[in-house]
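Read the structure below first, then the notes.
Number of protein chains: 2
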Amino acid sequence: MTTATMIKGLVHFVFAVYLVSLPSGIQLPADGRVLLLKKPDPENAAATARWLVAQNSWGVLNTISSELEGAPFGNVVSFSDGEPGKGSGVPYFYLTTLDPTARNALIDPRASLTISEHPVGTCGKRDPENPACAKLTLNGKLKLADPKETEFAISALFTKHPEMKDWPKGHNFQFFKLDIEHLFLIDWFGGPKPLTVDQYLHPKTTENVWIRGLLVI
Amino acid sequence: MTTATMIKGLVHFVFAVYLVSLPSGIQLPADGRVLLLKKPDPENAAATARWLVAQNSWGVLNTISSELEGAPFGNVVSFSDGEPGKGSGVPYFYLTTLDPTARNALIDPRASLTISEHPVGTCGKRDPENPACAKLTLNGKLKLADPKETEFAISALFTKHPEMKDWPKGHNFQFFKLDIEHLFLIDWFGGPKPLTVDQYLHPKTTENVWIRGLLVI
Numbered sequence: 013m014t015t016a017t018m019i020k021g022l023v024h025f026v027f028a029v030y031l032v033s034l035p036s037g038i039q040l041p042a043d044g045r046v047l048l049l050k051k052p053d054p055e056n057a058a059a060t061a062r063w064l065v066a067q068n069s070w071g072v073l074n075t076i077s078s079e080l081e082g083a084p085f086g087n088v089v090s091f092s093d094g095e096p097g098k099g100s101g102v103p104y105f106y107l108t109t110l111d112p113t114a115r116n117a118l119i120d121p122r123a124s125l126t127i128s129e130h131p132v133g134t135c136g137k138r139d140p141e142n143p144a145c146a147k148l149t150l151n152g153k154l155k156l157a158d159p160k161e162t163e164f165a166i167s168a169l170f171t172k173h174p175e176m177k178d179w180p181k182g183h184n185f186q187f188f189k190l191d192i193e194h195l196f197l198i199d200w201f202g203g204p205k206p207l208t209v210d211q212y213l214h215p216k217t218t219e220n221v222w223i224r225g226l227l228v229i
Numbered sequence: 013m014t015t016a017t018m019i020k021g022l023v024h025f026v027f028a029v030y031l032v033s034l035p036s037g038i039q040l041p042a043d044g045r046v047l048l049l050k051k052p053d054p055e056n057a058a059a060t061a062r063w064l065v066a067q068n069s070w071g072v073l074n075t076i077s078s079e080l081e082g083a084p085f086g087n088v089v090s091f092s093d094g095e096p097g098k099g100s101g102v103p104y105f106y107l108t109t110l111d112p113t114a115r116n117a118l119i120d121p122r123a124s125l126t127i128s129e130h131p132v133g134t135c136g137k138r139d140p141e142n143p144a145c146a147k148l149t150l151n152g153k154l155k156l157a158d159p160k161e162t163e164f165a166i167s168a169l170f171t172k173h174p175e176m177k178d179w180p181k182g183h184n185f186q187f188f189k190l191d192i193e194h195l196f197l198i199d200w201f202g203g204p205k206p207l208t209v210d211q212y213l214h215p216k217t218t219e220n221v222w223i224r225g226l227l228v229i
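Just so you know, the protein sequences line up as chains A and B, in that order.
Per my numbering, the very first residue in the first sequence carries number 13; after that it's consecutive.
Per my numbering, the very first residue in the second sequence carries number 13; after that it's consecutive.
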């Protein structure tokens, strides 16, 4: 056993002991990362919504199905609103018309993106439907990104979803964005928080700045 | 330090070492559980879909919004298709008309439930939109459960979501179910898997039997 191996083993051991000593408020996301982050005060709806969008990497994108006679059709998608720490609040997607969601949107752009705090790992033992485990639905129009937005979409999506850049060229993936028109946020008891698109896109407080550390095990 | 404390510490230590030695194929869900489970062969669409529904505890329930002029509206909800190991394939929900989803469904029952393999923790390092990280959309009608189904709904939901039984009586939560009419499953490359409602509800193979261990840290 080399010294490097021994040191690596020791680091793993200390980290393992740290893991089992974690208080219940700090959780392990499914992908094995440990997020050390400051969740905004639930009273600050704009900061909480922006934090949810920045921290999540996937959600359900819901469209009107052209193949199921107008039924609502949700689909699991990855998204990004910007490079880590540089979120714009506007979610971008990388979709192919081989999939019904992109086909639906090109016929009827009405759509919603729904995300949960649960995958972020900060809900503790709260049930995913518990109002204190935040959830957000962005309603609007799902549109092809403008050519001038492509550079932003590439950096936003490919930094958070690195395998996307290797997805098959023949599948004709295209960049889409959701033009947000309405927000539905539940982040505490007492019903949805009042939150306008302007408040969401241009939060006036500094509470949407948070400390974020990343350790990969 | 008592003997019990020492033993507890030893168990934590052994488990911690076990955790850091886990191969990447075994993941830690956000709620800290370790699932040791056998994912069905992706070729077996019915078994894979039933496994996804049985293993997931939450998803996005999509309805036609009566308040947003017919736009598709997704909402994070908890669900259950039966007690652990006794899944029926039919998802039940505990919803209140204080929330738009239940209100929408009582006006227009068309709905879909969308779930991902990602929260289960078996996608490894695959992106949530990677076809090998399975995703399922059940389309159908969201209806109030029949009174004769209430006993099943209670045991199904309250075993997987124990805090539900203490949710405020004044909020008038009611049991709903999704009558499934169409399935959309992607669990590998090559597009959606052909899968009928009958195949899903009555899988003919034995592959939907899996080994499941649960350790809580």
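We put the CB at the ideal spot given by N, CA and C, even for glycine.
Kindly identify the DSSP beta-bridge partner or partners of A114/B.
Answer is none; A114/B lacks a bridge partner.
So which residues of chain A does G203/B contact, with C-beta pairs closer than 8 Å?
Contact note: G203/B reaches chain A through L110, using a C-beta cutoff of 8 Å and chain order.
Given a cut-off of 9 Å on the beta-carbon distance, is the pair P84/B and S92/B in contact?
no
Bridge partners of S77/A, per DSSP?
Looking at the DSSP assignment, S77/A forms no beta bridge with any residue, so it has no partner.
Should L150/B go down as buried or exposed, given a rule of 16 or more other Cβ atoms within 10 Å for buried?
buried
Can you tell me where the beta strand (DSSP E) with G123/B in it begins and where it stops?
The amino acid occupying residue 123/B in the given sequence is Ala; Gly does not appear at that position. Residues 122-128.
What is the C-beta distance between T75/B and L154/B, in whole angstroms, given that I count them as a contact (C-beta under 8 Å)?
7 Å
Let me confirm a value: R213/B is counted as buried when at least 16 other C-beta atoms fall within 10 Å, else exposed. Which label applies?
Rather than Arg, the amino acid found at residue 213/B in this sequence is Leu. Its Cβ having fewer than 16 others within 10 Å, L213/B is exposed.
Less than 8 Å between the CB of T149/A and some heavy atom of the ligand GTP, yes or no?
In the structure shown, the ligand GTP is absent, as is every other ligand, since no ligand is present at all.
Give a yes or no on whether the minimum CB-CB distance between D139/A and chain B is below 9 Å.
yes
Rank G202/A, E161/A, E175/A by C-alpha distance to the C-alpha of G94/A and give the top, closest one.
E161/A
Across which residues does DSSP place L150/A in a beta bridge pair?
According to DSSP, L150/A shares a beta bridge with L125/A, L195/A.
With 8 Å as the limit, tell me which residues of the stretch 85-116 of chain A have their beta carbon closer than that to any beta carbon of chain B; keep them in chain order.
Going along the stretch 85-116 of chain A in chain order, one finds F85, G86, N87, V88, V89, S90, Y106, L110, P112 with a Cβ nearer than 8 Å to chain B.
Could one say the Cβ of S78/B lies closer than 9 Å to chain A's Cβ atoms, at least one of them?
Using beta-carbon distances, S78/B does not count as an interface residue toward chain A, since no partner is under 9 Å.
Between the C-alpha atoms of F196/B and L110/A, what's the straight-line distance to the nearest angstrom?
The C-alpha of L110/A is placed about 13 Å away from the C-alpha of F196/B.
Is there at least one Cβ from chain A nearer than 9 Å to W70/B's Cβ?
yes
Does the CB of R62/B have a neighbour CB from chain A at under 9 Å?
For R62/B, the closest Cβ of chain A is not nearer than 9 Å.
Within 10 angstroms of its Cβ, does E129/A collect 16 or more other Cβ (buried), or is it exposed?
buried
Given 8 Å as the limit, is there contact between the stretch 167-182 of chain B and the stretch 118-129 of chain B, that is, 3 or more CB pairs closer than that?
The stretch 167-182 of chain B, when compared against the stretch 118-129 of chain B, does not touch it at the 8 Å Cβ threshold.
Determine the direct distance from the alpha carbon of K51/B to that of K181/B, and round the result to whole angstroms.
38 Å
Name the DSSP bridge partner or partners of W70/A?
S90/A
Going by beta carbon distance, what residues of the same chain come within less than 6 Å of L148/B, once the five residues before and after it are set aside?
Non-local C-beta neighbours of L148/B in its own chain, meaning closer than 6 Å and more than five positions away in sequence, comprise A61, L64, I127, L197, ordered along the chain.
Can you list, in chain order, the residues of its chain whose CB lies under 7 Å from that of W179/B, leaving out five sequence neighbours each side?
Excluding its 5 nearest sequence neighbours in each direction, W179/B has C-beta neighbours in its own chain below 7 Å: F185, listed in chain order.
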